[in-house]
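Scroll down for the structure; my scribbles are underneath it.
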């Protein structure tokens, strides 16, 4: 059995990750680690590969791709650990090869793949929280960085249609396109730990980490291991207010905006009569949800940092 399985998404960052994987493997070849590489073939395949490897007892599973690949590998590990209390027995590593790499950024892995490989060699780990999201008409999904409902999820859908751009430019272009085509502020009912809230919601973020979209610090105070999710809700904002808000959102300077609600909670239930689009860690869950229930699971996943 290898020391680690690298689950590589050859489609991440619009296929540019293919140019990086050979350098990664050459770097790893100089270490004492034994490894195997498996390529994903489509959506949810990384979940299957990770779950099978976790059940087989491979000690370290490495997500080589973007935030969507990280989400799927984490889901495979966590599904294999269901019914067992405490920290999942399999560790997750990250080789950031996507267009956003927000989860890796939040863990301090910010200098590219070479640095990430060095971290795998050193093997320092940290135990983080995860969240379980349950939906009215979609399968349950764990997430490790951020879930978004509303405008953000529409942006995510549009971003996956853009083929010619790379990195943060994809998300910025998708924001501008979505702002022009869609402008929805449905009424939502929220139940947090200790209060309820009824409000129009342009965007609702539920976050375990600080950043999404390759450069938007939506929840700048979020920490992966504090036992709570950070909440950011843009309420009845109008089109003219969105433009000035974007640079503030990129810098995490939006938290005192009069139409932004910031909060923290262990659990959250969101309901709306309006069909909501929703994404988790950059992966579209559905476009027509009416109920989302989120529960924090503290100290559940060990990751290489």
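In the numbering used here, the protein residues as written are -18 to 286.
Cβ coordinates follow ideal geometry from the N, Cα and C atoms, glycine included.
{"query": "Of all the options 225, 211, 285 and 255, which has the alpha carbon lying nearest to the alpha carbon of residue 191?", "result": "211"}
{"query": "If you drop the 5 nearest sequence neighbours on each side, which residues of the same chain put their C-beta closer than 6 Å to that of residue 180?", "result": "216"}
{"query": "Mind checking whether residue 32 and residue 61 have CB atoms under 8 Å apart?", "result": "yes"}
{"query": "Just checking, does the segment 253 to 265 make contact with the segment 115 to 130 on the three C-beta pairs under 8 Å criterion?", "result": "yes"}
{"query": "Within its chain, find whatever has a CB closer than 6 Å to the CB of residue 8; leave out the 5 residues flanking it on each side and keep chain order.", "result": "98"}
{"query": "Within its chain, find whatever has a CB closer than 7 Å to the CB of residue 164; leave out the 5 residues flanking it on each side and keep chain order.", "result": "220"}
{"query": "What residue range is occupied by the uninterrupted beta strand (DSSP E) comprising residue 123?", "result": "122 to 124"}
{"query": "What whole-angstrom Cβ distance do residue 187 and residue 275 have, given they're in contact under 8 Å?", "result": "5 Å"}
{"query": "Kindly identify the DSSP beta-bridge partner or partners of residue 274.", "result": "115 and 250"}
{"query": "Where does residue 93 sit, in a helix, a strand or coil, going by DSSP?", "result": "helix"}
{"query": "Helix, strand or coil: how does DSSP classify residue 56 here?", "result": "helix"}
{"query": "Under the rule that 16 or more other beta-carbon atoms within 10 Å means buried, what is residue 118, buried or exposed?", "result": "exposed"}
{"query": "Check the DSSP bridge columns for residue 243 and list the partner residues they point to.", "result": "213"}
{"query": "Please name the residue in 280, -17 and 269 whose C-alpha comes closest to that of residue 138.", "result": "269"}
{"query": "Let me confirm a value: residue 53 is counted as buried when at least 16 other C-beta atoms fall within 10 Å, else exposed. Which label applies?", "result": "buried"}
{"query": "Could you pull out every residue in the same chain whose Cβ sits closer than 7 Å to the Cβ of residue 96, ignoring the five residues on either side in sequence?", "result": "90"}
{"query": "What are the boundary residues of the alpha helix (DSSP H) that residue 177 is part of?", "result": "That residue, residue 177, is in no alpha helix (DSSP H); its beta strand (DSSP E) goes 177 to 181."}
{"query": "How many Å lie between residue 35 and residue 116 at the Cα?", "result": "25 Å"}
{"query": "If distances are taken between C-alpha atoms only, which option among 4, -7 and 242 comes closest to residue 47?", "result": "-7"}
{"query": "What residue range is occupied by the uninterrupted beta strand (DSSP E) comprising residue 170?", "result": "168 to 172"}
{"query": "What number of angstroms, rounded off, separates the C-alpha of residue 120 from the C-alpha of residue 6?", "result": "35 Å"}
{"query": "Which residues does DSSP pair with residue 264 in a beta bridge?", "result": "261"}
{"query": "Thinking C-alpha only, which one of 243, 58 and 251 is nearest residue 71?", "result": "58"}
{"query": "If you compare alpha carbons, which of 282, 26, -16 and 277 is closest to residue 208?", "result": "277"}
{"query": "Can you list, in chain order, the residues of its chain whose CB lies under 6 Å from that of residue 133, leaving out five sequence neighbours each side?", "result": "184"}
{"query": "Name the DSSP bridge partner or partners of residue 129?", "result": "186 and 260"}
{"query": "Hey, how far is the Cα of residue 158 from the Cα of residue 144?", "result": "14 Å"}
{"query": "Can you tell me which of 227, 87, 176 and 76 puts its alpha carbon nearest to the alpha carbon of residue 247?", "result": "176"}
{"query": "In the structure shown, what three-state DSSP assignment does residue 74 receive?", "result": "strand"}
{"query": "Is the separation between the beta-carbon of residue 253 and that of residue 169 shorter than 8 Å?", "result": "yes"}
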